[in-house]
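Heads up, the sequence shown is in the working numbering, so the first residue is 0 and it goes up one at a time. We put the CB at the ideal spot given by N, CA and C, even for glycine. On a predicted model such as this, the values are computed, not experimentally measured, just so you know.
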Amino acid sequence: MKNQINVLLILLLSALSLAWIEYQAKEWKVPGKYINLKNPYANKVDTKFVGKTLYKIHCSSCHGKQGLGDGVKAKRLKSAVPDFSLQDFQKQKDGELYFKSFIGRDEMPNFEKKIHKEEERWLLINYMRTLKKE
Ligand code: HEC
Numbered sequence: 000m001k002n003q004i005n006v007l008l009i010l011l012l013s014a015l016s017l018a019w020i021e022y023q024a025k026e027w028k029v030p031g032k033y034i035n036l037k038n039p040y041a042n043k044v045d046t047k048f049v050g051k052t053l054y055k056i057h058c059s060s061c062h063g064k065q066g067l068g069d070g071v072k073a074k075r076l077k078s079a080v081p082d083f084s085l086q087d088f089q090k091q092k093d094g095e096l097y098f099k100s101f102i103g104r105d106e107m108p109n110f111e112k113k114i115h116k117e118e119e120r121w122l123l124i125n126y127m128r129t130l131k132k133e
């Protein structure tokens, strides 16, 4: 009886540590200097739809037209494509989205070269803010 309990405990602990390792791997490590970046265009009205256009050209193939993570390329990826309409996504700071969008990691491409103007980058982030659920 005692032995069985020990085996169960060991199994439980292994499952917990595996879950923890997986959780840690999924978390993005966004450097402090990015987290605290200020969006200089936070209140800019994007009359020329710069953000929307850039999103359509560079992001919608994976992230989907409405940002739900259902773009045509999404199925071919190993990583899950996140849903931009969710609160968990939207509650992040602009600086965190900046790091993830332009530096990227793994299957999320780096866009530093393709989208190099600061104003365009921030207008794209402003556009992602409009993809939240009503
Ligand atoms: C080739 C497919 C692909 C393209 C194109 C792409 N992404 Fe991604 N994106 C991903 C994947 C996959 C992830 C999840 C990566 C991970 O967790 O490691 C991701 C994650 C993100 C995240 C982090 C989401 C979160 O939950 O915090 C942001 C922000 C993001 N992408 C923005 C963009 C922007 C902006 C563009 C266009 C400029 C873009 N992506 C283009 C595949 C793509």
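Exposure label - residue i; buried when at least 16 CB within 10 Å
{"i": "F101", "result": "buried"}
{"i": "R104", "result": "exposed"}
{"i": "D87", "result": "exposed"}
{"i": "Y97", "result": "buried"}
{"i": "L123", "result": "buried"}
Top-ranked residue by Cα proximity to residue i, from the options
{"i": "E106", "options": "D87, A79 and K32", "result": "A79"}
{"i": "E95", "options": "P30, K64, K25 and A18", "result": "P30"}
{"i": "T52", "options": "K43, K64, N42 and A41", "result": "K64"}
{"i": "N109", "options": "K43, R75, G68 and H57", "result": "H57"}
{"i": "A73", "options": "E111, L11 and S60", "result": "S60"}
Bridge partners - residue i, DSSP secondary structure assignment
{"i": "R75", "result": "Answer is none; R75 lacks a bridge partner."}
{"i": "M107", "result": "R104"}
Any non-hydrogen atom of the ligand HEC closer than 7 Å to residue i Cβ
{"i": "I114", "result": "yes"}
{"i": "S84", "result": "no"}
{"i": "P30", "result": "no"}
{"i": "M107", "result": "yes"}
{"i": "L36", "result": "no"}
{"i": "V49", "result": "no"}
{"i": "L67", "result": "no"}
Integer-rounded CB distance, given that residue j should sit under 8 Å from residue i
{"i": "N35", "j": "W121", "result": "Going by Cβ atoms, the distance from N35 to W121 rounds to 15 Å, so no, they are not a contact pair."}
{"i": "F40", "j": "N125", "result": "A small correction: the amino acid at residue 40 is Tyr; Phe does not occupy that position in the sequence shown. Contact flag correct, Cβ pair sits at about 7 Å."}
{"i": "G70", "j": "H62", "result": "5 Å"}
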